[in-house]
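If you count by the numbering used here, then the sequence shown holds residues 1 to 513, one letter each, in order.
Just so it is clear, CB atoms sit at the ideal spot from N, CA and C, and this is done for glycine as well.
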Amino acid sequence: MVLTFSHTKTAELMEGYRPSSVFHQLRYAILERMKRGEDVIPLIEGRAEAKEDVIRALLSSAHPYLVSEEGTGKTRLVRSIVDLLPPVPRIAGCPYNDDPAWGKERLCPRCGSVTDPVKEFGIEWVTGAERFSRVQGNEYTNEAKLLGLKDIQAIAAGMSPDDPRTFTGTGVFRANRGLLFVDELPAIRTKVQVLLHPILEEQKTILEEYGWEYPLDLCVMATGNPEGFSHVNEVPRPLIDRLETIYLDLPEEDVELGIMTGRVSRRRDPGAARQEPYPPFDMPPEDSMKRDTFAPWWLLALINRSVRHSRVCRWLMRSSSIRGTTHSLDHTYSSALMRGAQVASVGDAARGVRLALRGRMHLREDLVEPEDPRETFLRVDQLSDDLMRTAFISMAAEMTPSWMVPEAARELADIIPLPRGQWADRIAQSAPAVRDIVGQLERAGAQPDGGRTFPDDPVIAKLAARKKGVRREYLGACAEFIANILIANGSLTVPAGADIHVPREVSWAKGRS
């Protein structure tokens, strides 16, 4: 939908307007829905873990890649994200959604060809549905459908074929400042898929024929069927490395039964969603992209070591790149944000590592189940957990010599079966050995490590000094970490009902060589 207003109203709307990125808008909309207790993706019933991973990826400004068999709702889920995008201003009639507040260097050839494009063309407001572009993947999908093609009529009228104004953008360009949906990515020939690399990596498209690089602001969401389920082309590893792979299973039995019998409401199509044609529009505040979640140094070390262990894992044919490490941390922050916490925990890290490594690790061929993709993805997720377990084992050997291990184990055996909200008080009142270990962790975080500093630890310390809630979160996160270290070295057994994430060894590896 395109919304137009009078000159006076347009000036009023633009007063104080600041451009914001697509991921900024998505992040703000997601957090606002979560604050209100609303389902962020209401159009998809069930599949809570997959929906959480989509939210986690978007909060991390990452591009989700939904993989599953046909008919599981991949397309519906992608289209539902459009509902999160607010109306934004664009230079009227611009085919690439140029922002009126952009400098001339960012404008398309049409808008950049005049001195004052706002005065020349005016301003209009476009909804999320207007900034949604779909590229249907099949064997006929080529560069013209993904990027664009020459305007033969313009060339015939006398324009030079090298003039960027003779280029008519298609899929990617129409998604500028919005969402690009690449449906069935593996169905596209590999040599065409690679055109997405600069878009995902550098947020720009390169048209060598014109000597033109055009900056883009978009979120890419792709879908695909698992290899072995249908005829697919290979998705290049560098491309997969720039996407967050999320497996979308079939709905649970009761949900599917509800869909079949009509008890589950068939909500409206987000593409046809009614958007109120009047202001005010809910634009994200300038500081809403500021990170307000933090990870202590020992959690960074755990994440880093977990990913590094993938590079020597005998169950893998391909291990993760360094992007797996950085995205694991991003998703850890997002996991804490989804809980409403400021201090990330072991559980947050486990969910972050799992999402980051799912598409970046490839199991050995003898471990892949071609006819059961769900089992294959489950094995990859379980292996991510096992990598963290291995990281805990190696860290335990390094850290525990200075700890009062037996005393701390006894104290934690009494503490972690309690509700998590009571942990901080018990640590403060009756756990001197645990307090001593927490002190060691805090002192280590305050000191440079070989010239490196841990930027989050001083921030956590300052926040904890001012806010009791942050101190309690930090003590709870420490208790979970210390407990896992003691579990890893055999000093502590997980008590029944403990609210703690403990990485597990993969069960399917037993008896295999």
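Apart from the five residues on each side of it in sequence, which residues of its chain come closer than 6 Å, Cβ to Cβ, to ALA496? none
Cβ-Cβ distance between VAL220 and LEU180 below 7 Å: yes
Restricting to runs no shorter than 4 residues, where is the alpha helix (DSSP H) found entirely within the segment 328–372? 346–358
With DSSP as the reference, label LYS510 as helix, strand or coil. Three-state result, LYS510: coil.
Provide the residue span of the beta strand (DSSP E) that contains LYS204, from first to last. 204–207
Please find out if some non-hydrogen atom of the ligand NAD comes closer than 6 Å to the beta-carbon of HIS501. The model on display carries no ligand, and the ligand NAD is accordingly not part of it.
Environment of GLY178 [buried if 16+ CB atoms lie within 10 Å]: buried
Can you find at least 3 beta carbon pairs, one from the segment 455–474 and one from the segment 361–370, that sit closer than 8 Å? no
With DSSP collapsed to three states, give me the class of TRP125. strand
LEU257, buried or exposed, once every other Cβ within 10 Å from all chains shown has been counted against 16: exposed
Give a yes or no on whether the C-beta atoms belonging to MET338 and HIS24 are separated by under 7 Å. no
Residue burial classification, VAL312 (beta-carbon count within 10 angstroms, cutoff 16): So VAL312 ends up on the exposed side.
Apart from the five residues just before and just after PRO161, which ones in its own chain have a Cβ nearer than 6 Å to its Cβ? ILE155
Please name the residue in GLY340, GLY16 and ARG410 whose C-alpha comes closest to that of GLU286. GLY16
Supposed contact pair ALA424 and GLY476 - C-beta distance, whole angstroms, cut 8 Å: 6 Å
Nearest-angstrom beta carbon gap, GLU143 and LEU195 [assumed within contact, 8 Å]: Taking 8 Å as the upper bound for CB-CB distance, LEU195 and GLU143 are in contact here, some 6 Å apart.
May I ask you to verify whether the segment 83–95 touches the segment 119–129, counting CB pairs closer than 8 Å and requiring at least 3? yes
In or out: GLY73 buried (at least 16 other Cβ within 10 Å) or exposed? buried
Mapping DSSP to helix, strand and coil, what is ILE322? helix
Secondary structure at LYS150, three-state DSSP: helix, strand or coil? strand
Do the segment 321–331 and the segment 237–250 touch if we need at least three Cβ pairs shorter than 8 Å? yes
Less than 8 Å between C-beta atoms, sequence neighbours within five positions excluded: which residues of the same chain meet that for LEU329? By the criterion of a C-beta distance shorter than 8 Å, LEU329 is surrounded in its chain by ALA295, LEU300, ILE303 and GLY352, once the five residues flanking it on both sides are discounted.
Return the chain-ordered ranges of every alpha helix (DSSP H) run that is complete within the segment 419–464 and spans a minimum of 4 residues. As summarised for the segment 419–464, the continuous alpha helix (DSSP H) elements at least 4 residues long and confined to that stretch are 423–430 and 432–446, given in chain order.
Secondary structure of SER133, DSSP reduced to three states: In the structure shown, the three-state DSSP call for SER133 is strand.
Express the C-alpha separation of GLY469 and PRO164 in angstroms, rounding to a whole number. 56 Å
Please identify the residue among ASN97, ALA175, GLY103 and ALA157 whose C-alpha is closest to the C-alpha of PHE132. ALA175
Among GLN447, TYR65, PRO100 and ILE487, the one whose alpha carbon lies nearest that of VAL182: Measuring from the Cα of VAL182, the nearest candidate turns out to be TYR65.
Please name the residue in PRO42, GLU105 and ASP53 whose C-alpha comes closest to that of SER80. PRO42
Tell whether a beta-carbon distance below 7 Å holds between VAL380 and PRO226. no
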